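The sequence shown stops at residue 297 when you use the numbering used here, and every number in between is there. Each remark here refers to the structure printed beneath this line.
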Amino acid sequence: MKFISAIIGLFAFSALAADVPGGINRTAEGLPEQTYELMLSPSYTMQPAGAYLSSEVRFQPNQDFGAGLGFGAGEVGYHFGVNGAWYLLPDLGNQPAVSILGAVYLNRVQPFNYFVARVTPMVSKMIQTTWGTGTPYAGVHLTPSFRLSDTAANDFAVRAAVGSQFTIKALEGVNLFAEFNLSVLNSMHEVSLGLSYPFAAL
96 MKFISAIIGL FAFSALAADV PGGINRTAEG LPEQTYELML SPSYTMQPAG AYLSSEVRFQ
156 PNQDFGAGLG FGAGEVGYHF GVNGAWYLLP DLGNQPAVSI LGAVYLNRVQ PFNYFVARVT
216 PMVSKMIQTT WGTGTPYAGV HLTPSFRLSD TAANDFAVRA AVGSQFTIKA LEGVNLFAEF
276 NLSVLNSMHE VSLGLSYPFA AL
């Protein structure tokens, strides 16, 4: 009986962990053209439980497209990969910004390796305040994953994310994030904080 419980537990762990930890930590509005951004985000996944730190370098070559290189590591494993963001609608008047984020990762979750693809449609809307801006955003991670080690296995994860970016005038360009990710299918609940700093040149 213990053996069967262990097998079920291992299967549940690997299925949930096939999704890449780490939140969106961005709005649906792009950076200024020819601008870079460095992002760091500590988070906590609830199942499998553990602390995780994600980082990303982003570049905005033009107003319609941005690219990024990301890496993350923590108690549940590690990942690295690349992403691209397509900015479909800008944040204008009553219209929210709309974008689609696509990414591919190699994801290591003990004891398995995964190739993971992800598509994340998202929306955001900036709110001006006296101290700076707040930009609530929401998105849905759609993540097929393919286990590369041991017996091949495919999974599909869905996770909803809601959060906000805060740009405080006194911090001179530093953006702060708070985000919650809710598991919908084969994924994990996660709480993320983050900060990012845009700059004009490497």
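We put the CB at the ideal spot given by N, CA and C, even for glycine. All of these numbers come straight from a predicted model, not from anything done at the bench.
Runs of 3 residues minimum, wholly inside the region 166 to 193: which ones carry the beta strand (DSSP E) assignment? Taking only runs of at least 3 residues, the beta strand (DSSP E) segments lying wholly in the region 166 to 193 are 172 to 184.
Going by Cα to Cα distance, which pick from L196, S291 and V171 is closest to H236? Locating residue 236 in the sequence shown gives position 141, counting from the first residue. Closest in alpha carbon position to H236, among L196, S291 and V171, is L196.
Could you spell out where the beta strand (DSSP E) holding T140 opens and where it closes? For the purposes of this step, residue 140 is taken as residue 45 along the sequence shown, with counting starting at 1. Taken as a continuous stretch (DSSP letters only), the beta strand (DSSP E) holding T140 covers T130 to M141.
Quick one, which of V214, Y232, D250 and T225 has its alpha-carbon nearest N208's? Here residue 208 refers to the residue found at position 113 of the sequence shown. Answer by Cα proximity: D250.
Which same chain residues end up closer than 7 Å to Q205 when comparing Cβ atoms and leaving out the 5 residues on each side of it in sequence? One-based indexing of the sequence shown puts residue 205 at position 110. So the qualifying residues of the chain are G172.
Hey, how far is the Cα of A256 from the Cα of L277? Stepping through the sequence shown from its first residue, residue 256 is reached at position 161. Stepping through the sequence shown from its first residue, residue 277 is reached at position 182. CA-CA distance, A256 to L277, rounds to 6 Å.
Where does L243 sit, in a helix, a strand or coil, going by DSSP? What you label residue 243 is simply residue 148 of the sequence shown in a count that begins at 1. Correct three-state label for L243: coil.
Burial state of V115 (16 or more Cβ within 10 Å): On the sequence shown, position 20 is the one that residue 115 refers to. The Cβ neighbour count for V115, taken over all protein chains shown within 10 Å, is at least 16; the residue is labelled buried.
For S282, which option in P239, S149, F272 and V218 has the closest C-alpha, if you only look at C-alpha atoms? Translated into positions along the sequence shown, residue 282 becomes position 187. That would be P239, whose Cα lies nearest to the Cα of S282.
Assuming the contact rule is C-beta atoms closer than 8 Å, S136 and L271 should be a hit. Round their C-beta distance to whole Å, please. To locate residue 136, count along the sequence shown from 1; it is residue 41. To locate residue 271, count along the sequence shown from 1; it is residue 176. 11 Å between Cβ atoms; not a contact.
Taking the C-alpha atoms as reference points, what is the distance between D186 and A146? Start at 1 with the first residue of the sequence shown, and residue 186 comes out as number 91. Start at 1 with the first residue of the sequence shown, and residue 146 comes out as number 51. D186 and A146: Cα-Cα distance of roughly 33 Å.
Let me check you understand the geometry: is the CB of N270 closer than 8 Å to at least one non-hydrogen atom of the ligand NAD? For the structure depicted, the ligand NAD is absent and the ligand set is empty, with no information on it obtainable.
Along the chain, where does the beta strand (DSSP E) that runs through L277 open and close? Residue 277 sits at position 182 when you count from the first residue of the sequence shown. Following the DSSP letters along the chain, one finds L277 inside the beta strand (DSSP E) bounded by residues N270 to L280.
Helix, strand or coil for L266 per DSSP? On the sequence shown, position 171 is the one that residue 266 refers to. Collapsing the DSSP output to three states places L266 in a helix.
Exposure label - V211; buried when at least 16 CB within 10 Å: The count along the sequence shown starts at 1 and reaches residue 211 at position 116. Buried, since its Cβ has 16 or more Cβ neighbours within 10 Å.
Could you tell me the distance, in whole angstroms, from the CA atom of A107 to the CA atom of F275? As a working note, residue 107 is residue 12 in the sequence shown. As a working note, residue 275 is residue 180 in the sequence shown. Reliability fails at A107, whose pLDDT of 42 lies under 50, so the model's placement of it is uncertain and the value that follows must be treated cautiously. Taken atom to atom, the span from the alpha-carbon of A107 to that of F275 is near 22 Å.
Just to check my reading of the structure: G169 and L148 have Cβ atoms closer than 8 Å, yes? What is that Cβ distance to the nearest angstrom? Position 74 of the sequence shown, counting from 1, holds the residue named residue 169. Position 53 of the sequence shown, counting from 1, holds the residue named residue 148. The pair is a contact, with the Cβ atoms about 6 Å apart (cut-off 8 Å).
By Cβ distance, which residues of its chain are closer than 7 Å to G176, with the 5 residues on each side in sequence left out? Numbered from 1 along the sequence shown, position 81 holds the residue referred to as residue 176. Only G165, A198, V199, Y200 and L201 meet the Cβ criterion.
For G234, which of Q223, N189 and R254 has the nearest alpha-carbon? Here residue 234 refers to the residue found at position 139 when the sequence shown is read from its first residue. Checking every option, the nearest Cα to that of G234 belongs to R254.
For V269, I'd like the list of residues in its chain whose CB is within less than 7 Å of its CB, leaving aside the five on either flank, ordered along the chain. The sequence position of residue 269 within the sequence shown is 174, counting from 1. Only L290 and Y292 meet the Cβ criterion.
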